[in-house]
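Which chain is which? The protein sequence lines are E and R, in order.
Residues 3 to 491 (our numbering) make up the first sequence, in order.
Residues 2 to 238 (our numbering) make up the second sequence, in order.
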Amino acid sequence: MFKHFMGLQWKSFYRSASFKTEIWFKILMALGALYFIVVFLGLGFGAYFMIEEAGWGDPLRVVNRFMVYYLTFDLVFRYMLQKMPVTNIKPLLYLPFKKSQVVNFSLGKTVVSFFNWSHAFFFIPFSVVLLTKDYPFAQVVGWHLAMMAIIYCNNFINVMVNNKDTVFYIFAGVIILAGVSQYYEWFDITLYAQPIFDYFYDMPWTAIVPWVLLLGLYFLAFGYFKKHMYLDGGLAKKHTEVRTENLDWLNRFGNLGTFLKNDIKLIKRNKRSRTAVLTGFFFIFYGLLFFTGAIEAYDGPFWKIFAGIFVTGGFLFSFGQYVPSWDSSYYPLMMSQNIKYREYLSSKWYLIIIATVISTILATFYVYFGWEAYAAVLVGAIYNIGINSYLVLWGGAYVKTPIELTSNKKAFGDKQAFNAKTLLLTLPKLLLPMVIYAIGHFLISPLAGYLFVAAFGLMGFVFKERAFKMIEGIYKKEKYKTLLAYKQK
Amino acid sequence: MITVHNLTKAYNSNTVLNIGHLEIPKGQSFGLVGNNGAGKTTLFSLLLDLIQPSSGHIINNEVQVDQSEEWKPFTSAFIDESFLIGYLTPEEYFYFIGELRGRNKADVDALLANYADFFHGEILGQKKYLRDLSKGNQKKVGIVASFIGNPEVVILDEPFANLDPTTQIRLKGIIKDLAAKEGVTVLVSSHDLIHVTEVCERIVVLNKGEVVKDIHTSAETLKELEAFFAGSSYQPQ
């Protein structure tokens, strides 16, 4: 039986569409994974010495003190990213498997998840360092085993609370409150949490407690799953409550208004697009890294332009990047309805423009960092509107990744979204304005640099008609390939 | 209304559609039947310019569909659920299509009122998004949406599949009326020989991408079709 499950699992892995990507992208992904492993390893080996050097006290105690945050962040990350094992259960339901076997296998699958073993890269080296520093063997092992059990407890807690948004938000609220009250020294949660983790070290036999807890959680999760393994229970697709909104005020824009109404609904009613817009919103604060001088490498003058582009272009990059894939699930409708390509494209263009303007207004607080900071933001906005808005639509013609609106799967990067053409198009989006600025900055003055970039952006307005004509042509040329690609989910 | 000229569609060396000449006059109810892989959906997709012909072309009301977009205002279709926008309610979807076709809410509401029977109280005012409707109800929405804005050509791929018996009977009445009373050219494909013979004036049989029969429907048509499909036409490979 187990053999069957493993066979299915293996096939689903190496036959998945994502596995069949270009070789150089696989290399890139492997390098990315390697990077994180190295960072974690470095943290594991280095944490001890860093804490020691900073003189915060016994490194193990310090780690224990902040462990409660480490674990809660782990839980939050899991909640947002870890996939639940329910998928692919459906076809197994009516086959002659015992239900308990299916459940055991599904839960077992979560055990080998990346979200569990990635922690090993921190805990194992950290424990090894402790041992080399003559911490008692039995005590370190007790502590280590206890931590392992707690990480796995998180795994099963997440399995059970998954998709219970209210639980999550209450939890997240408490965490934020705890963090804030610690910062302002009202109430320090770590003082109460630290002794728990210290016990595992001071009295290693107490490590048995989390393991018992883990066992209990496993059985709870097992019971929960088994009880809900019905099509109308845990396996049912969730129906979302309908929220209608009156957007009739957009009617005055004619056909453009029709599309804008639709796009607003698209953004509000789908998980994936909401995530994209939220990501775009957070870009507004990205500039803080540059203007506060938090990172030395970013102190060069042209980095300000880089920041300006990102601060105002969050939506452009997170949402605009994927036009027309947002409409992928009904692209055949869009292509056969009474719609002119030009209207479709210009509605997306206006959406990007509106969002960029809103970002620019929200980013007014950068004035606090001096006129240069806000000038960079303004100039970035002009360049985004004048040049990048076209480039992003242009690049979209080549991004043929269907988007599943209702799930956040692949929301953080998708290999198909990276191809040579889109990569090439990022150069003028980010590097060109920096180069233009640098020319003005070094030849004349910072002000001239800003003016140069702004002038470039304004030129984009002048050539709007021509730009649109070209983009429309490319979309038309790519239409059939795009339709075909969207069919392959 | 629609003329097909030397149309072929091939994937690599595999020809999936090859129609020398086919003419569909205005106001005809036209039925397309054939086994899986006969090329029905391919022909419809070519009609809607969703795929490119390998050679030849289609003229829809004097517009060559792979050259100009001018066929869009008077042509509408429902092929599959990729013609629905999942995150809209049925009403919002109808209004959206209506706006694209120059109809305001009142126009659309008036049209929808005619289909109250067809909807059987399961579509309007349900507070559900299209993606949460059952397959059959999604189909009803798609079919009715294709009637919005007085199109001259309506293309429906397998409209009877997934519908309950009552709705199938109502749909047959609707399609017949469209062609007979309003002069709409209706193109329908189906696997159900009884439905097509009842609804369509003319039936074309596709087999492996080629037109093998072109029948003006009469009392004997059903027998003829059944004989054809039971007999030599199906050669499993």
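Backbone N, C-alpha and C fix where the C-beta goes; we use that ideal spot for every residue, glycine too.
Computed from a predicted structure; not experimentally measured.
Three-state class that DSSP yields for residue i in the structure shown
i	result
E:K412	Since pLDDT at E:K412 reaches only 48, below the 50 mark, its modelled position is unreliable, and no value is offered.
E:I29	helix
R:E211	strand
R:V185	coil
R:E24	strand
R:N62	coil
R:F31	strand
R:R104	coil
E:R468	helix
E:I360	helix
E:N386	helix
R:T4	strand
R:A146	helix
E:Y482	helix
R:L226	helix
E:E474	helix
E:L97	coil
E:G315	coil
E:Q418	Residue confidence for E:Q418 is low, a pLDDT of 46 falling below 50, so the modelled location carries little weight and cannot support an answer.
E:H146	helix
R:A231	helix
Within chain R, partners of residue i - CB distance below 7 Å
i	result
E:N340	K73, P74, L101 and R102
E:T358	Within chain R, no residue comes near E:T358; the closest Cβ sits about 24 Å away, beyond 7 Å.
E:V244	T90, K128, K129 and Y130
E:N248	Near E:N248 there are no residues of chain R at all, since even the closest Cβ is about 11 Å away, more than 7 Å.
For residue j and residue i, believed in contact at Cβ under 8 Å, the rounded distance
i	j	result
E:S349	E:D250	With 8 Å as the limit, E:S349 and E:D250 do not qualify as a contact, their Cβ atoms being about 17 Å apart.
R:V187	R:V155	5 Å
R:G137	R:D165	6 Å
E:L380	E:T358	With 8 Å as the limit, E:L380 and E:T358 do not qualify as a contact, their Cβ atoms being about 11 Å apart.
R:L23	R:V197	In fact, because the Cβ distance is near 16 Å, the residues do not count as touching under 8 Å.
E:N164	E:V113	Incorrect: roughly 16 Å between the Cβ atoms, too far for contact.
E:F312	E:F285	5 Å
E:L485	E:Y333	6 Å
R:S191	R:E227	That belief does not hold up - the Cβ atoms of R:S191 and R:E227 are roughly 14 Å apart, past 8 Å.
R:V200	R:G28	About 14 Å separates the two Cβ atoms, so there is no contact after all.
R:Q53	E:Y482	5 Å
E:G442	E:F454	4 Å
E:G282	E:G316	3 Å
E:F293	E:A375	5 Å
Residue from the options whose Cα sits closest to the Cα of residue i
i	options	result
R:L8	R:I195, R:L172, R:S56 and R:E71	R:S56
E:Y343	R:T43, R:L101 and R:G174	R:L101
E:F4	E:V40, E:V104 and E:V437	E:V104
E:W12	E:W58, E:K111 and E:Q323	E:K111
R:F230	R:K214, R:T218 and R:S219	R:K214
E:M82	E:F308, E:V161 and E:S320	E:V161
R:F84	E:L335, E:W396, E:Y376 and E:Q490	E:L335
E:P109	E:S183, E:L216, E:I269 and E:Q339	It is Leu, not Pro, that sits at residue 109 of chain E in the sequence shown. Of the listed residues, the one whose Cα sits closest to E:L109 is E:L216.
E:D190	E:M8, E:W305, E:L395 and E:V176	E:V176
E:P435	E:G388, E:A32 and E:L407	E:G388
Chain-ordered chain R contacts of residue i [CB-CB under 8 Å]
i	result
E:K267	Y88, L89 and E93
E:T260	F97, E100 and L101
E:I482	One point to set straight first is that residue 482 of chain E is Tyr, not Ile, in the sequence displayed. Going along chain R in sequence order, the residues near E:Y482 (Cβ under 8 Å) are L51, I52 and Q53.
E:L335	S83, F84, L85 and I86
E:L407	G87 and Y88
E:N264	I86, L89 and F97
E:N272	Y88
Partners in chain E for residue i, counting only beta-carbon separations shorter than 8 Å
i	result
R:L223	What R:L223 touches in chain E: nothing, since even the nearest Cβ is about 32 Å away.
R:F120	Within 8 Å Cβ-Cβ: nothing; R:F120 doesn't reach chain E, min ~17 Å.
R:A78	S338
Strand pairing of residue i, partner residues [DSSP]
i	result
R:V155	R:S77 and R:V187
E:A209	Paired residues: none, contrary to the question.
R:H217	R:R203
E:K5	Per DSSP, none; premise fails for E:K5.
E:Y185	DSSP, once it has assigned bridges, lists no residue as partnering E:Y185.
R:K10	R:L18
R:S56	R:T9
Interface residues of chain R facing residue i [CB-CB closer than 9 Å]
i	result
E:M472	By Cβ distance, chain R contributes nothing, its closest Cβ being about 18 Å from E:M472, past 9 Å.
E:Y332	E82, S83, F84, L85, I86 and G87
E:L252	Those within 9 Å of E:L252 in chain R number zero; the least Cβ separation is about 10 Å.
Contact set between residue i and chain E, taken where Cβ atoms lie within less than 7 Å
i	result
R:E70	K342
R:F148	By Cβ distance, chain E contributes nothing, its closest Cβ being about 14 Å from R:F148, past 7 Å.
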